[in-house]
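Visitor: After the structure tokens below, expect a handful of questions from me.
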Amino acid sequence: CVCVCVRARARVCEREGESTTMPLSRPLAWFALAAVALVVAASLEGYVGLVGQDLVVDAPTGGRVLLNNVDVLALLQEQADLVHAQKTQLKDQAAQLALVSKVIACSKTSQYYDVDTTSCVHANNTALAQAQSDITDTKNLLATVIECSKNVDHFWDVASTSCKQINPVHEPADFVSDGWLAFSAQAGTASFMEIAHGLGVVPERVRVLVRGKDTASDSYFIFESSGAAICDDECDNYGGVVSAVDDNRVRLWAPDKSNAGAKGAIILVVDGWGGEKHNMNIQSGHIKVYAWKKWLSRDPDYVEEFNFASQFGAASYKELTHNLNDALPHKVQVRCTPTDSSYVPEGDNAGFWFEGRGAAGVDDDTQYQQHGGLVFAYDANRLRMWAPTKNNGYTTGSLIFVDDGWGGEKNDVSSHHAKCKASIWKATDGDPKPTWESEWSPISARAGKDSYKYFGFGPSDRIPSRVQVLTRAVDGN
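Okay, structure coming up:
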């Protein structure tokens, strides 16, 4: 009898009389089995090392390999199953990574990954195209709302999805300057400013706002520019902002010392006005410019163009009969453009239009006080206009004047001759209506503090689109 014993370190020993008896009739088969056992033992040295016990080949049980009565083949099968499961898991992970890579690749083009077909599909799919269109529309809407909010007189109306004007009186401006711009008197040539509106036509309406802070009430008040200087720097106190416009530019002048006193301001209501109530004398403030190609969507009901001149005696007065029979027209406008210049070469302000105003600033009594401007008034059927003339004083008045003591004398003008244009719009039911309107209220000059008047038109955090103050005479000749 032969016994084969395999130790943990795969050493083979032969002993007699132990374990199982092997018949001599099958020695080769048993030796083959022993060889297999040796190979298995060698391959499982790690297992044997862990268990630290003998591996025994049990021939009568059919060649099973036992490890302390544990079936090694079963362990091998279990290990094989584990390896197979790991391979399957790795395959699943690889498939997931491949799917993610494909989705990313689709997203880099104008395609998307379709789960149903497991493929990239072009983005001309109706639903996706609609989603992309919605995103574009939202971006465009946001840009429009932001642009609307830049205009202080407008707000975005969600219901109508449009930009609307606060308290609308006119159509939205065709040009608005870039915010409030700093502007000062007594700053040399910096007291002159030119702003390009770029409309390509002379706008019918230009609105220049001049903002200054009332220190007494700690509030900002808005004044508007004028079409001519009321006085030069020979005056004790003078002020305002003079404006003019052509087909592409708006010019602005503020007071600036030339050959006399530095008493001019961009806002001046002091000595001799309103009983000195709420006096304002401001040299530095801010301006903002609005321009409209058309005053209204319709043309004026009456237009008259004519030549006019200052220092021509009675010819410096003109009366036009418009016969509109409208006691209170919607708007009356008179503006002039110079056709000569006393002190600067003709052409410096050629094509620039200066607005008329509702009252004269000074008379002709002072020899060196230059002044200018066209004054006009109207009733239901007539339009009256006055240009400066000498009466019992001096010929210091000009029809168009912004010269000595204004804007560092940059692009200055002193013109006796001009081409003028009068335009009148009747009031119609279709015109925008004011959101607030006062009754006719008495006010008088030379009445102390009663020469000042205040109107409150309701709370608002917005500057009104337009403020118009009409003055009607009740006495005098």
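In my numbering, the protein residues as written are 63 to 539.
For each residue, glycine too, the CB sits at the ideal point set by N, CA and C.
Run through DSSP, which three-state label would K201 get?
Guide: In the sequence shown, residue 201 corresponds to position 139, counting from 1. Three-state DSSP puts K201 in a helix.
Visitor: Give the DSSP-derived three-state secondary structure of A104 in the structure shown.
Guide: Your numbering for residue 104 matches position 42 in the sequence shown. Because A104 sits at a pLDDT of 47, beneath the cut-off of 50, its placement in the model cannot be relied upon, and the following sentence gives the value as read from the coordinates. Helix.
Visitor: For a test of the three-state rule: what should DSSP assign to A156, helix, strand or coil?
Guide: Stepping through the sequence shown from its first residue, residue 156 is reached at position 94. A156 falls in the helix class under three-state DSSP.
Visitor: Taking all protein chains shown into account, do 16 or more other C-beta atoms lie within 10 angstroms of the C-beta of H146, making it buried, or fewer, making it exposed?
Guide: One-based indexing of the sequence shown puts residue 146 at position 84. Per the 10 Å Cβ criterion, exposed.
Visitor: Quick one: what's got a C-beta closer than 6 Å to D500's C-beta in the same chain, skipping five residues either side?
Guide: For the purposes of this step, residue 500 is identified with residue 438 of the sequence shown, where counting begins at 1. The question names Asp, yet the displayed sequence has Ser at residue 500. Counting only Cβ-Cβ distances below 6 Å, and skipping sequence neighbours, we find F517.
Visitor: Quick one: grab the DSSP three-state call for L314.
Guide: Within the sequence shown, the letter at position 252 stands for residue 314. L314: strand per DSSP, three-state reduction.
Visitor: Considering only the beta carbon of each residue, do S460 and H478 sit closer than 7 Å?
Guide: Counting from one through the sequence shown, the residue named residue 460 turns up at place 398. Counting from one through the sequence shown, the residue named residue 478 turns up at place 416. Contact flag set, yes.
Visitor: Do I344 and G274 have their CB atoms nearer than 7 Å?
Guide: The residue you call residue 344 lines up with position 282 of the sequence shown. The residue you call residue 274 lines up with position 212 of the sequence shown. Going by C-beta atoms, I344 is nearer than 7 Å to G274.
Visitor: Closer than 8 Å is the cut-off here; do at least three beta carbon pairs connect the segment 463-475 with the segment 273-292?
Guide: Counting Cβ pairs under 8 Å, three or more are found: they touch.
Visitor: Please classify V307 as buried or exposed, where buried requires at least 16 other C-beta atoms within 10 Å of its C-beta.
Guide: Taking the first residue of the sequence shown as position 1, residue 307 is located at position 245. When all chains shown are included, V307 counts as buried.
Visitor: Apply the 10 Å Cβ neighbour rule to N411 and answer buried if 16 or more other Cβ atoms are within range, or exposed otherwise.
Guide: Mapped onto the sequence shown, residue 411 falls at position 349. With 16 or more Cβ atoms within 10 Å of its Cβ, N411 is classed as buried.
Visitor: From which residue to which residue does the beta strand (DSSP E) around H479 run?
Guide: Working through the sequence shown from its first residue, we reach residue 479 at position 417. Counting along the chain, the beta strand (DSSP E) containing H479 begins and ends at 479-487.
Visitor: Taking only runs that begin and end inside the segment 443-470, name each unbroken beta strand (DSSP E) of 3 or more residues, in chain order.
Guide: As far as the segment 443-470 is concerned, its whole beta strand (DSSP E) runs of at least 3 residues are 444-448, 462-464.
Visitor: From what residue to what residue does the beta strand (DSSP E) around H348 run?
Guide: For the purposes of this step, residue 348 is identified with residue 286 of the sequence shown, where counting begins at 1. From DSSP, the beta strand (DSSP E) with H348 extends over 346-354.
Visitor: When the Cα of S305 is compared with those of A157, F254, H433, which residue comes out closest?
Guide: By 1-based counting over the sequence shown, the position of residue 305 is 243. Cα-wise, what sits closest to S305 is F254.
Visitor: So which of K164, A160, G413, D441 has the shortest CA-CA distance to D309?
Guide: Locating residue 309 in the sequence shown gives position 247, counting from the first residue. Checked all of K164, A160, G413, D441; the closest Cα to D309 is G413.
Visitor: May I have the straight-line CA-CA distance separating D333 from D441, to the nearest angstrom?
Guide: Along the sequence shown, one-based indexing puts residue 333 at 271. Along the sequence shown, one-based indexing puts residue 441 at 379. Answer to the nearest angstrom: the Cα atoms are 32 Å apart.
Visitor: Check this for me: beta carbons of Y364 and W448, under 7 Å apart or not?
Guide: Taking the first residue of the sequence shown as 1, we reach residue 364 at position 302. Taking the first residue of the sequence shown as 1, we reach residue 448 at position 386. Not closer than 7 Å, so no.
Visitor: Does I166 come out as helix, strand or coil in the three-state DSSP assignment?
Guide: As a working note, residue 166 is residue 104 in the sequence shown. Note: I166 maps to helix in three-state DSSP.
Visitor: Taking DSSP as the reference, what is the three-state secondary structure of K325?
Guide: Along the sequence shown, one-based indexing puts residue 325 at 263. Three-state DSSP puts K325 in coil, outside helix and strand.
Visitor: Tell me where the beta strand (DSSP E) around A371 begins and ends.
Guide: If you number the sequence shown from 1, residue 371 lands on position 309. Here the beta strand (DSSP E) through A371 covers 364-371.
Visitor: Using only the alpha-carbon positions, how far apart do A371 and T251 sit?
Guide: By 1-based counting over the sequence shown, the position of residue 371 is 309. By 1-based counting over the sequence shown, the position of residue 251 is 189. Whole-angstrom Cα-Cα distance: 29 Å.
Visitor: Is it the case that the segment 344-355 contacts the segment 263-277, given that we only count it when at least three CB pairs across the two stretches are under 8 Å?
Guide: The answer is yes - the segment 344-355 touches the segment 263-277, with three or more Cβ pairs under 8 Å.
Visitor: Flag this pair as yes or no: are the beta carbons of E366 and A205 separated by less than 7 Å?
Guide: Working through the sequence shown from its first residue, we reach residue 366 at position 304. Working through the sequence shown from its first residue, we reach residue 205 at position 143. Cβ atoms of E366 and A205: not closer than 7 Å.
Visitor: Quick check on DSSP: helix, strand or coil for D196?
Guide: The residue given as residue 196 occupies position 134 in the sequence shown. Here D196 sits in helix by DSSP.
Visitor: So if DSSP puts S246 in a beta bridge, which residue, or which two residues, is it bridged to?
Guide: Looking up residue 246 in the sequence shown gives position 184. Looking at the DSSP assignment, S246 forms a beta bridge with S346.
Visitor: S246 and S320 - do their beta-carbons sit closer together than 7 Å?
Guide: The count along the sequence shown starts at 1 and reaches residue 320 at position 258. The count along the sequence shown starts at 1 and reaches residue 246 at position 184. No, they are not a contact pair.
Visitor: Our contact map puts I486 next to L386 with C-beta atoms below 8 Å; I'd like the distance itself, whole angstroms only.
Guide: Your numbering for residue 486 matches position 424 in the sequence shown. Your numbering for residue 386 matches position 324 in the sequence shown. Correct: roughly 6 Å between the Cβ atoms.
Visitor: Determine the direct distance from the alpha carbon of I349 to that of N341, and round the result to whole angstroms.
Guide: Here residue 341 refers to the residue found at position 279 of the sequence shown. Here residue 349 refers to the residue found at position 287 of the sequence shown. N341 and I349: Cα-Cα distance of roughly 20 Å.
Visitor: Pull up the distance between the alpha-carbon of I208 and that of D537, whole angstroms please.
Guide: The residue given as residue 208 occupies position 146 in the sequence shown. The residue given as residue 537 occupies position 475 in the sequence shown. Their backbone Cα atoms lie some 52 Å apart in a straight line.
Visitor: By the DSSP assignment, the beta strand (DSSP E) with S305 in it spans what residues?
Guide: As a working note, residue 305 is residue 243 in the sequence shown. Taken as a continuous stretch (DSSP letters only), the beta strand (DSSP E) holding S305 covers 304-307.
Visitor: Would you tell me roughly how many angstroms separate the C-alpha atoms of S359 and K393, rounded to the nearest one?
Guide: Taking the first residue of the sequence shown as position 1, residue 359 is located at position 297. Taking the first residue of the sequence shown as position 1, residue 393 is located at position 331. Each residue's Cα considered, the two are about 13 Å apart.
Visitor: Check the DSSP bridge columns for D176 and list the partner residues they point to.
Guide: For the purposes of this step, residue 176 is taken as residue 114 along the sequence shown, with counting starting at 1. Paired residues: S181.
Visitor: Would you identify the three-state DSSP class for A377, choosing helix, strand or coil?
Guide: Indexing the sequence shown from 1 puts residue 377 at position 315. It is helical.
Visitor: Under 7 Å, do N299 and K325 count as touching if we go by C-beta distance?
Guide: For the purposes of this step, residue 299 is taken as residue 237 along the sequence shown, with counting starting at 1. For the purposes of this step, residue 325 is taken as residue 263 along the sequence shown, with counting starting at 1. Contact: yes.
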